[in-house]
Amino acid sequence: QKEVEQNSGPLSVPEGAIASLNCTYSDRGSQSFFWYRQYSGKSPELIMFIYSNGDKEDGRFTAQLNKASQYVSLLIRDSQPSDSATYLCAARDYNQGGKLIFGQGTELSVKP
Amino acid sequence: NAGVTQTPKFRILKIGQSMTLQCTQDMNHNYMYWYRQDPGMGLKLIYYSVGAGITDKGEVPNGYNVSRSTTEDFPLRLELAAPSQTSVYFCASEPGLAGNEQFFGPGTRLTVL
Chain R
1 QKEVEQNSGP LSVPEGAIAS LNCTYSDRGS QSFFWYRQYS GKSPELIMFI YSNGDKEDGR
61 FTAQLNKASQ YVSLLIRDSQ PSDSATYLCA ARDYNQGGKL IFGQGTELSV KP
Chain Y
1001 NAGVTQTPKF RILKIGQSMT LQCTQDMNHN YMYWYRQDPG MGLKLIYYSV GAGITDKGEV
1061 PNGYNVSRST TEDFPLRLEL AAPSQTSVYF CASEPGLAGN EQFFGPGTRL TVL
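As they're listed, the protein sequences go chains R and Y. Heads up: the first sequence begins at 1 in the numbering used here, then just goes up one per residue. Heads up: the second sequence begins at 1001 in the numbering used here, then just goes up one per residue.
Encoded structure:
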């Protein structure tokens, strides 16, 4: 069974700090990876996707991918209280209709 | 564009009842998905569709059925509701696998008592 695992939360960081969220995946054939943010009671919304080894930056967010280690991470710089949410990591499974396999999510709390 | 819409927002069912969760998208997307999310957990795929007339099972299809008669609509049917189906249900769509974002509806919170 293909799996995506995220470090268990909740993760608490002070405002202005760097939040680091981690994710590992079991299927070495996975090519594309996604980070979604989900506020309590709301639907997931895409933050970033990454499919090449290395870093991808978008504003305060940086996604990192290491395919050899089967590891994906999301760094949030200058964390704000508005970043407090659950972050879902997902890998796309092209062998099954391109469906996304989601991790269980990591809850992030940014304290003012 | 309204995006992905779902109805109802909330529903309480008794054990053994049936219901249909509605999902509509106005973005002309070919791919549509149904997920369930249990408290503190990620999303589990129930069923998906790659186009009108084509559906396939995901990870947790038991107790559910779907149909896709049009590009826009992808209803999820629950037959003989059970307490284990208490969850939040999300519908999502995307244009195709070359795209990089699934667009999610607002969700339906279902309780089975």
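No residue lacks a Cβ here, since even glycine has one placed at the ideal position from N, Cα and C.
Contact set between residue i and chain R, taken where Cβ atoms lie within less than 9 Å
{"i": "Y/F1090", "result": "S43, P44"}
{"i": "Y/M1032", "result": "Within chain R, no residue comes near Y/M1032; the closest Cβ sits about 11 Å away, beyond 9 Å."}
{"i": "Y/G1051", "result": "Neighbours of Y/G1051 on chain R: none; closest Cβ ~11 Å, over 9 Å."}
Cut-off 8 Å between Cβ atoms - residues of its own chain near residue i, not counting five sequence neighbours on either side
{"i": "R/Q38", "result": "P44, E45, A85, T86, Y87, L88, G105"}
{"i": "R/M48", "result": "F34, W35, K56, D58, F61, A63, L74"}
{"i": "R/G54", "result": "Q64, L65"}
Close beta carbons around residue i, own chain, < 6 Å, minus the five adjacent residues each side
{"i": "R/E3", "result": "S26"}
{"i": "R/G9", "result": "T106, E107"}
{"i": "Y/L1097", "result": "none"}
{"i": "R/D83", "result": "I76, V110"}
{"i": "R/A68", "result": "none"}
{"i": "Y/D1038", "result": "S1087"}
Expected contact under 8 Å - CB spacing of residue i and residue j to nearest Å
{"i": "R/K111", "j": "R/P14", "result": "5 Å"}
{"i": "Y/Y1048", "j": "Y/D1056", "result": "6 Å"}
{"i": "R/I101", "j": "R/A19", "result": "About 23 Å; that fails the 8 Å criterion."}
{"i": "Y/E1072", "j": "Y/T1024", "result": "5 Å"}
{"i": "Y/L1110", "j": "Y/S1084", "result": "In fact, because the Cβ distance is near 11 Å, the residues do not count as touching under 8 Å."}
{"i": "R/Y51", "j": "R/Q31", "result": "6 Å"}
Residue i: contacting residues in chain R (beta-carbon distance under 8 Å)
{"i": "Y/F1074", "result": "None at all; the shortest Cβ gap to chain R is about 14 Å."}
{"i": "Y/Q1017", "result": "Result: empty, since nearest Cβ-Cβ is about 25 Å, beyond 8 Å."}
{"i": "Y/G1003", "result": "Within chain R, no residue comes near Y/G1003; the closest Cβ sits about 10 Å away, beyond 8 Å."}
Residues near residue i by beta carbon distance below 7 Å, same chain, minus five either side
{"i": "R/P81", "result": "E15, V110, P112"}
{"i": "Y/F1104", "result": "V1004, F1090, A1092"}
{"i": "Y/A1082", "result": "I1015, G1063, V1112"}
{"i": "Y/I1054", "result": "R1068"}
{"i": "Y/G1029", "result": "Sequence check: residue 1029 of chain Y is His here, not Gly. Taken in chain order, the residues that qualify are S1093, E1094, P1095."}
{"i": "Y/G1107", "result": "Q1006, V1088, Y1089, F1090"}
Per-residue contacts from residue i into chain R (C-beta, under 7 Å)
{"i": "Y/P1106", "result": "S43"}
Any non-hydrogen atom of the ligand MG closer than 7 Å to residue i Cβ
{"i": "Y/L1110", "result": "For the ligand MG, the structure offers nothing, since it holds no ligand at all."}
Under 8 Å from the C-beta of residue i: neighbouring residues of chain Y
{"i": "R/L88", "result": "G1042, L1043"}
{"i": "R/F49", "result": "N1100, E1101"}
Interface partners of residue i on chain Y, CB under 7 Å
{"i": "R/Y31", "result": "It should be noted that the sequence gives Gln, not Tyr, for residue 31 of chain R. Within 7 Å Cβ-Cβ: nothing; R/Q31 doesn't reach chain Y, min ~10 Å."}
{"i": "R/F102", "result": "G1042, L1043"}
Contact list for residue i against chain Y, beta-carbon separation under 9 Å
{"i": "R/G98", "result": "Y1031, Y1048, V1050, E1094, G1096, L1097"}
Report the start-end ranges of each beta strand (DSSP E) in the stretch 1036-1073 of chain Y that is 3 residues or longer and not cut off at the edges. 1043-1051, 1054-1057, 1064-1066
Stretch-stretch touch, CB-based, cutoff 8 Å, three pairs: the stretch 1057-1073 of chain Y with the stretch 1004-1014 of chain Y: They do not touch, by the three-pair rule.
Stretch-stretch touch, CB-based, cutoff 8 Å, three pairs: the stretch 1077-1091 of chain Y with the stretch 1033-1051 of chain Y: Output reads yes: the stretch 1033-1051 of chain Y touches the stretch 1077-1091 of chain Y.
Inside the stretch 56-103 of chain R only - beta strand (DSSP E) runs reaching at least 3 residues: 61-66, 71-76, 85-93, 99-102
So, does the stretch 1074-1090 of chain Y touch the stretch 1017-1025 of chain Y, judging by three or more C-beta pairs under 8 Å? In this structure the stretch 1074-1090 of chain Y touches the stretch 1017-1025 of chain Y; the number of beta carbon pairs closer than 8 Å is three or more.
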